[in-house]
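*Asks:* The opening position of the sequence shown corresponds to residue 1 in UniProt numbering, with each subsequent residue numbered one higher. All C-beta atoms, glycine included, are put in the ideal place defined by N, C-alpha and C. The structure is given below, and queries will be raised subsequently.
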Amino acid sequence: MSTPTLAMVTLDCREVGPVAAFWSEFLGLETVASGEGYAMLKGPDGPAVGFGEVADYAPPAWPNPHGSKQFHFDVAVDDIAEAEGRATALGATLADPQPGETWRVLLDPAGHPFCLSLRQNWG
1 MSTPTLAMVT LDCREVGPVA AFWSEFLGLE TVASGEGYAM LKGPDGPAVG FGEVADYAPP
61 AWPNPHGSKQ FHFDVAVDDI AEAEGRATAL GATLADPQPG ETWRVLLDPA GHPFCLSLRQ
121 NWG
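What follows is the structure in structure tokens.
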């Protein structure tokens, strides 16, 4: 029996365009499919990232008092301050509070939390 492979992670959002554009630019992913209320991004490695428009979408809460976060991306970077500056220039916001000193939590344009941490810490 073969081992399953994760093909795509899909994020709900109120408006697909700004969120897909943010992640495409920040991670260097190509838009490989898009249509009314949907977009899919893909890079040379790893799973695709999809975005689906949901009319009554509500962003997850940070710092997650009732478990509404559900998931987040961990993004490995060479320089946290540089990546934070790039992410905020593309439309992300710094989350408050920050739970640690060795990583940064940001929110994408739709409010999804993601963490920046040093690539060297991922082995």
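Since Y38 and V54 should fall inside the 8 Å C-beta cutoff, what is the C-beta to C-beta distance between them, to a whole number of angstroms?
*Replies:* Between V54 and Y38 the Cβ distance is about 11 Å, and since that is not below 8 Å, they are no contact.
*Asks:* Which partner residues of residue 146 appear in the DSSP bridge assignment?
*Replies:* Residue 146 lies beyond the residue range present for the chain, which begins at 1 and ends at 123; the question has no answer from this structure.
*Asks:* Terminal residues of the continuous beta strand (DSSP E) containing S117?
*Replies:* Segment 113-118, the beta strand (DSSP E) holding S117.
*Asks:* Looking only at its chain, what residues have a beta carbon closer than 7 Å to the beta carbon of A107, apart from the 5 residues adjacent to it on each side?
*Replies:* According to the sequence as given, residue 107 is Leu; it is not Ala. Taken in chain order, the residues that qualify are W62, A92, T93, A95, P113.
*Asks:* Give a yes or no on whether the C-beta atoms belonging to H72 and V105 are separated by under 9 Å.
*Replies:* Yes, the Cβ-Cβ distance between H72 and V105 is below 9 Å.
*Asks:* Counting only the same chain and skipping the five closest in sequence on each side, list residues whose C-beta sits under 6 Å from that of G43.
*Replies:* The residues are L29.
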